[in-house]
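In this note's numbering, the protein residues as written are 265 to 362.
Inspection log for the structure reproduced underneath, given as structure tokens.
The following block contains the structure:
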């Protein structure tokens with residue numbers, strides 16, 4: 265059973281890293297939206313292409329309040345909750361089957 269335990273621990277660590285990286289990408293995108301930047305830059309286009317699918321879905325639900333787009337904040341909050349739940353659940357499962 266240690267093989268499955270190690271597999272679940274590895275998946276939990278990978279998921280933790282991927283969600284954390286995506287949170288940082290969303291933060292960088294939010295910061296770039298506050299400052300003047302080149303919209304044709306490959307880095308900017310990458311950030312928009314990676315984050316826009318999730319942010320556009322949230323924008324349909326959460327309205328812009330006083331000119332402030334709260335969708336990055338909602339996305340980061342949701343990702344943090346999902347990360348805590350999924351990663352901790354996988355780790356607990358891995359330790360339980362050892």
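Ideal Cβ positions, reconstructed from N, Cα and C, are used throughout, including at glycine.
Source: prediction; values computed, not measured.
*asked:* Taking its Cβ as the centre, do 16 or more other Cβ atoms sit within 10 Å of residue 353, making it buried, or is it exposed?
replied: On the chain shown, residue 353 is found 89 positions in, with the first residue counted as 1. Exposed, because fewer than 16 other Cβ atoms sit within 10 Å of the Cβ of residue 353.
*Please report the Cβ distance between residue 280 and residue 351, rounded to the nearest whole angstrom; I am assuming they are in contact, meaning their Cβ atoms lie under 8 Å.*
Position 16 of the chain shown, counted from the first residue, corresponds to residue 280. Position 87 of the chain shown, counted from the first residue, corresponds to residue 351. Their Cβ separation, rounded to whole angstroms, is 5 Å, which keeps residue 280 and residue 351 in contact under 8 Å.
*Under 8 Å between the Cβ atoms of residue 293 and residue 327?*
Translated into positions along the chain shown, residue 293 becomes position 29. Translated into positions along the chain shown, residue 327 becomes position 63. 8 Å or more divides the Cβ of residue 293 from the Cβ of residue 327.
*In three-state terms, what does DSSP make of residue 332?*
Stepping through the chain shown from its first residue, residue 332 is reached at position 68. Looking at residue 332 - three-state DSSP - the assignment turns out to be strand.
*Which class does residue 351 belong to by DSSP, given the choice of helix, strand or coil?*
On the chain shown, position 87 is the one that residue 351 refers to. Taken through DSSP and simplified to helix, strand or coil, residue 351 comes out as helix.
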